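S.K.: Protein chains in written order, with the UniProt record's numbering: chain B, 1 to 418; chain X, 1 to 418; chain V, 1 to 418.
Where is the CB? At the ideal position from N, CA and C, for every residue including glycine.
Since the model is a prediction, treat every value here as computed from it, not as a measurement.
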Amino acid sequence: MAPQYAPSLRSRLGPLLFVLQTGFILIFAFCAEVDSNVNVNGSTFKDSYTDFQDVNVMVMFGFGFMCTFLVRHGFSAVGFNLLVATMTTQWAIILNNVESWYYSGKIRLNMRSLVVAEICTVSALVSIGAVLGKTNPVQLVFIALLEVSGFVLNEWLLLNLLKVRPGNSMMLLHIFGAFFGLTVTWILYRKDSEQRFEKEKADHKSGLFSMLGTVFLWVFWPSFNSALLSGRSPVRKLECVCSSYLALAVSAVTAAAVSVIFNPKGRFNLLHLQSCILSGGVAIGVSMPVVLQPWEAMLIGFAAAILSTFGFHLLQIHMLLAFQCHDTRAILSTHGLPGLLGWLAHFILLIRQCDDHTTAVRFAVFHICTLLITITTSLSMGILTGFLLKLKIWRTPQNKKCFDDQAFWEFPHLAVHK
Amino acid sequence: MAPQYAPSLRSRLGPLLFVLQTGFILIFAFCAEVDSNVNVNGSTFKDSYTDFQDVNVMVMFGFGFMCTFLVRHGFSAVGFNLLVATMTTQWAIILNNVESWYYSGKIRLNMRSLVVAEICTVSALVSIGAVLGKTNPVQLVFIALLEVSGFVLNEWLLLNLLKVRPGNSMMLLHIFGAFFGLTVTWILYRKDSEQRFEKEKADHKSGLFSMLGTVFLWVFWPSFNSALLSGRSPVRKLECVCSSYLALAVSAVTAAAVSVIFNPKGRFNLLHLQSCILSGGVAIGVSMPVVLQPWEAMLIGFAAAILSTFGFHLLQIHMLLAFQCHDTRAILSTHGLPGLLGWLAHFILLIRQCDDHTTAVRFAVFHICTLLITITTSLSMGILTGFLLKLKIWRTPQNKKCFDDQAFWEFPHLAVHK
Amino acid sequence: MAPQYAPSLRSRLGPLLFVLQTGFILIFAFCAEVDSNVNVNGSTFKDSYTDFQDVNVMVMFGFGFMCTFLVRHGFSAVGFNLLVATMTTQWAIILNNVESWYYSGKIRLNMRSLVVAEICTVSALVSIGAVLGKTNPVQLVFIALLEVSGFVLNEWLLLNLLKVRPGNSMMLLHIFGAFFGLTVTWILYRKDSEQRFEKEKADHKSGLFSMLGTVFLWVFWPSFNSALLSGRSPVRKLECVCSSYLALAVSAVTAAAVSVIFNPKGRFNLLHLQSCILSGGVAIGVSMPVVLQPWEAMLIGFAAAILSTFGFHLLQIHMLLAFQCHDTRAILSTHGLPGLLGWLAHFILLIRQCDDHTTAVRFAVFHICTLLITITTSLSMGILTGFLLKLKIWRTPQNKKCFDDQAFWEFPHLAVHK
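Structure follows, in structure tokens:
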């Protein structure tokens, strides 16, 4: 069976990557230059470089290895993650600078523009989690580039319609990425998914690799949440780091507690834990601008872990059976629900901090609009992407070849390193 | 058999974690606030944040993955490590600030208080190494919380009785943790441990995961030793980092040499190496305040590696047979003996640096008292913890279920990620 | 068979390590001191410490785990890498300071001297990639120490004959290391290597460990390239980091594209990808001083990936059959060819930037001499090392025992952790 779609990759992926990469090089050749002003936004070079590296570690190790839980899909998880992330980051650098390109003819590269591009890439990696193992790398690259375009468009809309600062709108990536990914996987639904795919399972070693990736995300999440804050206000950065750490710690403990209580035999489930221990970081990222006290952060982490665990247990199977939406990496409960909770926490805290009624109402409307625009853009782009992927040209892997490295990799039991 | 103690976790671990976590949130709600003074102790926010991250990496990756060497205990090693570490750190933040809470009514959070709490957590993680695989997570959480309480008490005693600065007393964590853990495992001794437990063995892949964790510890150990030094004296930090690196390098080489000579076939033993290459970092951490020359650090690393290797070969089996003390992760030779050696090196160098006889004797008495108090507190807390754990309420895993993930985790060969 | 050379290690490796380590301690005891001037070369302690750590992470995780791809050689890959790296770094610290030792009687330790020593170590780790699995640890230590001596000699020659600044000559380590390693493995050629060694193959899990190491290298490569730049010019560092990141990203995408096109079934090969995604980092490291524009970096990454992939596909097997040169980790296509390409890019860009003809010719001659000296030194030292290793005293593993942990490690399926 395997040779059946092998030609697809040879004739499509190779040329596609070549054309895109050549295009990116040409765009950079005509427009990009390194910013000679090193201290952007109050951070010295070294400070922003460590921020960049932490985010880069999350993108490459965290998301890459987190997806290795599928027992026969490890190479694809790590390899395609690297491929998609490097493509998407280059594309995001260009998109984020379209405005400055338009006005000054130049794309300026500095540590901050790289960090912003990496964060946009994260939104694409979130989406890809939903279709992982059921799509080929050509489709993954296509999804990621469209997702990032949609995300940057959303940010532009929020900035121009509602004056939402980029630092705040960026963190909606979890909501945007999750809904985009769910829409795509819903449109790409395959019959017979109600019964499990033959190879959609984990084993002991793939679980450990996946745990490694998750711990990378867990450890560096405070850097992720604080990467965009200005270096001019270290107090704000400190608050952000403390809040993120506490929220993550509380959500790890809570996820373990709920997980054990849910299980009839009182046992843990590793894949389940992996999804839920990160929920605190997601929720606090979205609600960061208004969280002032450590206990607020802890409470948000607590609620996020409970919501995420419930989502994993109750919604996951309903999504599949009732809505025909197969979500490989459980992005709904890992990113979607905690993101919405973070938005709600932001909403409540914002209203509570308002002095008079009029301001509160205005803020409320503004805040609800932010969410509506984000979800609308996300769903529209998701529907567009999904239908484009339904075309016959992509040679999607057959059901039997889903979640299997053998479709895309020379299988290593036979491979000899020469 | 497995279902026999499954209810235990469901009815005990879940509620325990919930109650503790809610308690922590309440305490934080009433008392904790983020310190508005960012530059604590001469370090800027960014500097202390990288220190915090390095220690966090050691706690999560280092100790977590180091314990994965047991072939069927990988999930427990990493998962329970995360659970215990997050619980203990929250508890340590509270305990460390009891005094400031008492006087000012506030627990102040800053990067330094998080780093200190993480280092206290390390002492608990050291202890847990001795009982790993023979206890359930309820017991692990209980041991860790008591251990940290004892460790903070010890630090308070040293500060108030002997005026030992916190920076110096913290590093006694290796001695405190090792003796605490050994006492607990000695009290919890199970008959038939002379014959090996059925599942207490390593294989090729679990050895590599374990090596990964060890290398994380090895690489970031200089950060661990220097994390508490004031940012006001970068020379002291530089000396500390250079000494730690050299001691670790020498102990890696020496451990390999001794290990090969000991083995009748002249082969290495990976688990053995893993324990011993870290001994230099432990010993230099304890003796840091008086190490002035690079060669002193190298000599300490050399001696620590030899002592640790001897301890592993000769003491380990005697501890088991003669003292009925089963030490899963060999914490005696990894942390206990090198810690004592570091204390001795500190002692000798301190005496040598004294000018007159009277000062020397005074320092000697003072220094011996430090050790005695530490060991006494450690043993008393260990005995207390051990006897509490002998109660019937804990539903300890049976001998057959020791070192087996299957007792606590839905086994992944069957688990399907939906 | 195994016991046949077991004595070799016991009687040779143990004493060798002991003697060398004692010698190093003695040299440090008489000459080394920690530099009291913390801010070397315009970088504060903290800045150079993070540089050092990044390079250390690459040395320990990157090179160690990258070599774990061989299915039965994981322990040796990681363990011997640690052993060799710690020995070599100590030796490199001494060698690099011979001049200051000669004049002032002191070896000064600071963060920069550690970073420089680690970078020298990288050149030895590159060489070792070629003989991996076919040599015992005694030979590996011997090769590494000689390689580093040759590399430091080469640097000294370049500095004194051609006034090449150390920052620039250091980056020739890829060329030096690759040619040294290839010469040694060519001289050590074993008959029957045309047929594959029995155990020279990868499997799914060893491939993932190897990918982990490769991603460590990929992520921290920008730190490696910029570690030696002075902290006084952050703009230069920013340019270097941006160029390195872009070159690595482009080479990852290009390597994937070429790899798929080359494969008749249109599939990826993981080991192949691992070698080639790093080529951009190598090439840009060598050509760094003259790369001014982002697109130049991207073009170099593009060309390096194509060259590296061609090299892997076409040269690798010819090297083995025609030149009898068996290159385990494909260092020719990972380091050698991209290094030469980087040199060529440096050459072309340098010439292009010259205003008049005379300067251009002078630069050209100077630049060609740099390469010739490097290759000559590398080949001579390689030949010397190779012939010394042909002596009977080393007890090289037999062909049947190549690429097998069992020759040097107590095999873990039987090993029990006591």
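Give, in chain order, every unbroken run of the alpha helix (DSSP H) that is at least 4 residues long and sits entirely within the stretch 96–175 of chain B.
M.R.: 98–104, 111–131, 137–162, 166–170
S.K.: Determine which residues of the stretch 264–277 of chain V have a Cβ less than 9 Å from any Cβ of chain B, and write them out in chain order.
M.R.: Residues P264, K265, G266, R267, F268, N269, L270, L271, H272, L273, I277.
S.K.: Any idea which residues DSSP pairs V34(B) with across the strands?
M.R.: Locating residue 34(B) in the first sequence gives position 34, where the first residue counts as 1. Bridge partners of V34(B): L109(B).
S.K.: Sort out for me which residues DSSP pairs F268(X) with in a bridge.
M.R.: Against the second sequence, residue 268(X) aligns to sequence position 268. Per DSSP, W409(V).
S.K.: For the stretch 133–151 of chain X against the stretch 333–350 of chain X, are there 3 or more C-beta pairs whose distance is under 8 Å?
M.R.: no
S.K.: Comparing the C-beta of P3(V) with each C-beta of chain X, is any distance below 9 Å?
M.R.: Taking the third sequence and counting its residues from 1, the one referred to as residue 3(V) is at position 3. Residue placement at P3(V) cannot be trusted, given a pLDDT of 44 that sits under 50; what the coordinates show is reported in the next sentence. At least one chain X Cβ lies under 9 Å of P3(V).
S.K.: What whole-angstrom Cβ distance do L182(B) and S169(B) have, given they're in contact under 8 Å?
M.R.: Counted from its first residue, the first sequence places residue 182(B) at position 182. Counted from its first residue, the first sequence places residue 169(B) at position 169. With 8 Å as the limit, L182(B) and S169(B) do not qualify as a contact, their Cβ atoms being about 20 Å apart.
S.K.: If we count the other Cβ atoms within 10 Å of its Cβ and call it buried at 16 or more, is E198(B) buried or exposed?
M.R.: Position 198 of the first sequence, counted from the first residue, corresponds to residue 198(B). E198(B) is exposed by the Cβ-count criterion.
S.K.: Does Q4(V) pass the burial test, meaning 16 or more other C-beta atoms within 10 Å, or should it be called exposed?
M.R.: The count along the third sequence starts at 1 and reaches residue 4(V) at position 4. With a pLDDT of only 49 at Q4(V), under 50, the local geometry of the prediction cannot be trusted, and the value read off the model is given with reservation. With fewer than 16 Cβ atoms within 10 Å of its Cβ, Q4(V) is classed as exposed.
S.K.: Classify C354(B) as helix, strand or coil using the three-state DSSP reduction.
M.R.: On the first sequence, residue 354(B) is found 354 positions in, with the first residue counted as 1. Coil, per DSSP.
S.K.: Since V57(V) is in the alpha helix (DSSP H), which residue starts that stretch and which ends it?
M.R.: Along the third sequence, one-based indexing puts residue 57(V) at 57. Residues 45–57.
S.K.: Which first and last residues belong to the alpha helix (DSSP H) in which F224(X) is found?
M.R.: Residue numbering aside, residue 224(X) sits at position 224 when the second sequence is read from its first letter. First-last of the alpha helix (DSSP H) with F224(X): 204–226.
S.K.: In the structure shown, what three-state DSSP assignment does H73(V) receive?
M.R.: Sequence index remark: in the third sequence, residue 73(V) carries index 73 (1-based). Coil.
S.K.: May I ask you to verify whether the stretch 61–71 of chain B touches the stretch 325–332 of chain V, counting CB pairs closer than 8 Å and requiring at least 3?
M.R.: no
S.K.: What does the alpha-carbon distance come out to for the pair F302(B) and Q293(B)?
M.R.: Numbered from its first residue, the first sequence carries residue 302(B) at position 302. Numbered from its first residue, the first sequence carries residue 293(B) at position 293. So the alpha carbons of these two residues sit roughly 15 Å apart.
S.K.: Would you check if the distance between the CB atom of residue 423(B) and the CB atom of K134(B) is smaller than 9 Å?
M.R.: Residue 423(B) lies beyond the residue range present for chain B, which begins at 1 and ends at 418; the question has no answer from this structure.
S.K.: Grouping DSSP H, G and I as helix and E and B as strand, with all else coil, what is K418(X)?
M.R.: The sequence position of residue 418(X) within the second sequence is 418, counting from 1. Residue placement at K418(X) is poorly supported in this model, since its pLDDT is 39, which falls under 50; the coordinates still yield a value, given next. It is coil, neither helix nor strand.
S.K.: Which parts of the stretch 318–397 of chain B are runs of the alpha helix (DSSP H), unbroken and 4 residues or longer, counting only runs that do not cross its ends?
M.R.: Runs of the alpha helix (DSSP H) spanning 4 or more residues and lying entirely within the stretch 318–397 of chain B occur at 337–353, 357–390, in chain order.
S.K.: Using CA atoms only, rank isn't needed, just tell me which of L212(X), F220(X), E410(X), H73(X) is closest to V131(X).
M.R.: Position 131 of the second sequence, counted from the start, is the residue given in the question as residue 131(X). Considering only alpha carbons, the answer is H73(X).
S.K.: For Y102(B), count neighbouring Cβ atoms within 10 angstroms of its own Cβ and tell me buried if that reaches 16, exposed if not.
M.R.: On the first sequence, position 102 is the one that residue 102(B) refers to. It is exposed - the Cβ of Y102(B) has fewer than 16 other Cβ atoms within 10 Å.
S.K.: Please return the same chain residues whose Cβ sits closer than 6 Å to the Cβ of D404(X), not counting the five positions on each side in sequence.
M.R.: The residue labelled residue 404(X) in the question sits at position 404 within the second sequence. Counting only Cβ-Cβ distances below 6 Å, and skipping sequence neighbours, we find R72, K199.
S.K.: For V55(V) and L248(V), what's the separation of their Cα atoms in angstroms?
M.R.: Locating residue 55(V) in the third sequence gives position 55, counting from the first residue. Locating residue 248(V) in the third sequence gives position 248, counting from the first residue. V55(V) and L248(V): Cα-Cα distance of roughly 17 Å.
S.K.: For chain V, find out if any of its Cβ atoms is closer than 9 Å to the Cβ of P137(B); answer yes or no.
M.R.: Numbered from 1 along the first sequence, position 137 holds the residue referred to as residue 137(B). Yes, contact with chain V.
S.K.: Taking K390(X) as the reference, give the member of W409(X), T185(X), F151(X) with the closest Cα.
M.R.: Counting from 1 along the second sequence, the entry for residue 390(X) is found at position 390. Checked all of W409(X), T185(X), F151(X); the closest Cα to K390(X) is T185(X).
S.K.: If you draw a straight line from the C-alpha of I187(X) to the C-alpha of L229(V), how long is it?
M.R.: Counting from 1 along the second sequence, the entry for residue 187(X) is found at position 187. Counting from 1 along the third sequence, the entry for residue 229(V) is found at position 229. Near 57 Å, if we compare the C-alpha coordinates of L229(V) and I187(X).
S.K.: Should V152(X) and L95(X) be called a contact, given that it needs their Cβ atoms to be closer than 9 Å?
M.R.: The residue you call residue 152(X) lines up with position 152 of the second sequence. The residue you call residue 95(X) lines up with position 95 of the second sequence. Yes, they are a contact pair.
S.K.: Along the alpha helix (DSSP H) that carries C242(V), what are the first and last residues, could you check?
M.R.: Counting from one through the third sequence, the residue named residue 242(V) turns up at place 242. Here the alpha helix (DSSP H) through C242(V) covers 234–262.
S.K.: Taking only three categories from DSSP, how would you classify K201(B)?
M.R.: Position 201 of the first sequence holds residue 201(B). Under the three-state reduction of DSSP, K201(B) is assigned to coil, being neither helix nor strand.
S.K.: How long is the line joining the alpha carbons of V416(V) and T68(X), rounded to whole angstroms?
M.R.: The sequence position of residue 416(V) within the third sequence is 416, counting from 1. The sequence position of residue 68(X) within the second sequence is 68, counting from 1. Its pLDDT being 45, under 50, V416(V) is placed unreliably in this model, and the coordinates cannot settle the point.
S.K.: So which residues on chain B does Y245(V) lean against when the C-beta distance must stay under 7 Å?
M.R.: Numbered from its first residue, the third sequence carries residue 245(V) at position 245. By Cβ distance, chain B contributes L114.
S.K.: Does K237(X) pass the burial test, meaning 16 or more other C-beta atoms within 10 Å, or should it be called exposed?
M.R.: Taking the first residue of the second sequence as position 1, residue 237(X) is located at position 237. That one is buried.
S.K.: Quick check on the DSSP output: the alpha helix (DSSP H) that includes F310(V) runs from which residue to which?
M.R.: One-based indexing of the third sequence puts residue 310(V) at position 310. F310(V) -> alpha helix (DSSP H) spans 294–310.
S.K.: At a CB-CB cut-off below 8 Å, which residues of chain B make contact with W409(X)?
M.R.: One-based indexing of the second sequence puts residue 409(X) at position 409. Result: R267, F268, N269, L270.
S.K.: Buried or exposed, going by whether 16 or more other CB atoms sit within 10 Å of the CB of E99(V)?
M.R.: Stepping through the third sequence from its first residue, residue 99(V) is reached at position 99. By the neighbour-count rule (16 or more Cβ atoms within 10 Å), E99(V) is not buried but exposed.
S.K.: So what's K401(V) in DSSP terms, helix, strand or just coil?
M.R.: Taking the third sequence and counting its residues from 1, one reaches residue 401(V) at position 401. DSSP places K401(V) in helix when its eight states are reduced to three.
S.K.: Could you tell me whether the Cβ atoms of T377(B) and N154(B) are closer together than 9 Å?
M.R.: Counted from its first residue, the first sequence places residue 377(B) at position 377. Counted from its first residue, the first sequence places residue 154(B) at position 154. Yes, the Cβ-Cβ distance between T377(B) and N154(B) is below 9 Å.
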